Amino acid sequence: MLMSWLKQLSSSWQQKRLQRPELASMFAPPTAGQWVAIDCEMTGLNPRKHHLLSVAAIHVNGNTIDTGNGLHLVCRPPVMPDRNTIVIHGLRTADVEHGMSYDEMLAILLPFIDNRPIVGFCPQIDTAFLNPLVKHYMGTTLPNQVIDVRELYSRRMGNPDHSAPNPSQHLTKILAHYHIPELGTHDAYNDAVMTAMAFLHVR
C-alpha cells in the first residue's frame, strides 16, 4: 500500500514538471498486456563520459512482438565513436555523423514508448543514458515502469543473485535456455527483438 502511494506521489510530481503537454499520456496507467522492449548502443558504459549512438524499440502486445513497426534510430553524438568501440557496436563515424539529434530522436521515441512498461536486458544501463536526455527534452525523466529480463530469468531459475559480469553472454545463456535463435548481438534492433523474445518466455 505504501509503495503504491509513493509511486503515485512520484508520478504526480514528475507530471507537474512535464514541459511537453503532448506527452502527458506517458503518465497514464499502462494497458495490461502491452510493453515496449528497448535497447541502446553507446560509445561506452559510463553515462558521464560516453554517448548514445542508437536506440531500438519494439512493441510487445500480449504474446506478439510487433517487429514490423519497430524503431531503430541512429543518433549523432557530440563525440564521434573511436576505433576501440566501433568493433563492439559496429557504428562508424560515417554511420552516425548524419544521424538524428537527441531531441529529434526523442520526438519519435517517446510517443512510441508512451505509457508502456519498458522491457530490457540490464535496462538500468540504457535508462542511465536516456534519462538525462529525456529530462532535458521534457522536463522530467521517464515515468515508465522498467522490467529487467535478467531479473525475471534469475527468479525463474530460483537464483536471488541478479549480478552478471558479462550481460551479453548472460543474454546468450537465456536465449539458449529457451532455444531462441540469436540474431547477432550489439545491434540495437536485434538486441531489442531478442530481449522481447526472452521476455515472453520468462514473464
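According to UniProt numbering, the sequence shown is numbered sequentially starting from 1.
Glycine residues also receive a C-beta, built at the ideal position from the N, C-alpha and C atoms.
Quick caveat, the model's predicted, so the values are computed rather than measured.
CA-to-CA distance, Val-134 to residue 207, given in whole angstroms:
The requested residue 207 does not occur in the structure, where the chain is confined to residues 1 to 203.
Reduced DSSP category for Met-80 - H, G, I as helix; E, B as strand; rest coil:
coil
Assess, as a yes-or-no matter, whether the stretch 36 to 46 is touched by the stretch 14 to 21 under the definition of 3 or more beta carbon pairs within less than 8 Å.
no
7 Å CB neighbourhood of Tyr-137 in its chain, flanking five on each side removed:
Asp-103 and Leu-106
Should Met-157 be labelled buried (16 or more other beta-carbon atoms within 10 Å of its own) or exposed?
exposed
Does Pro-181 pass the burial test, meaning 16 or more other C-beta atoms within 10 Å, or should it be called exposed?
exposed
By the 10 Å Cβ neighbour count, where 16 or more other Cβ atoms means buried, how is Leu-45 classified, buried or exposed?
exposed
Count the other CB atoms within 10 Å of the CB of Ile-65; is the residue buried (16 or more) or exposed (fewer)?
buried
Ser-154 versus Arg-116: straight-line alpha-carbon distance, rounded:
23 Å
Asp-114 in three-state terms, based on DSSP:
coil
Helix, strand or coil for Ile-180? Go by DSSP, reduced to three states.
coil
Among Phe-121, Phe-199, Pro-123 and Val-193, which one has its Cα closest to the Cα of Leu-71?
Val-193
Closest to Met-80 by CA distance: which of Gly-99, Leu-73, Gly-68 and Gly-62 is it?
Gly-99
Whose CA, out of Leu-130, Ile-174, Gly-120 and Leu-142, lies closest to the CA of Asp-148?
Gly-120
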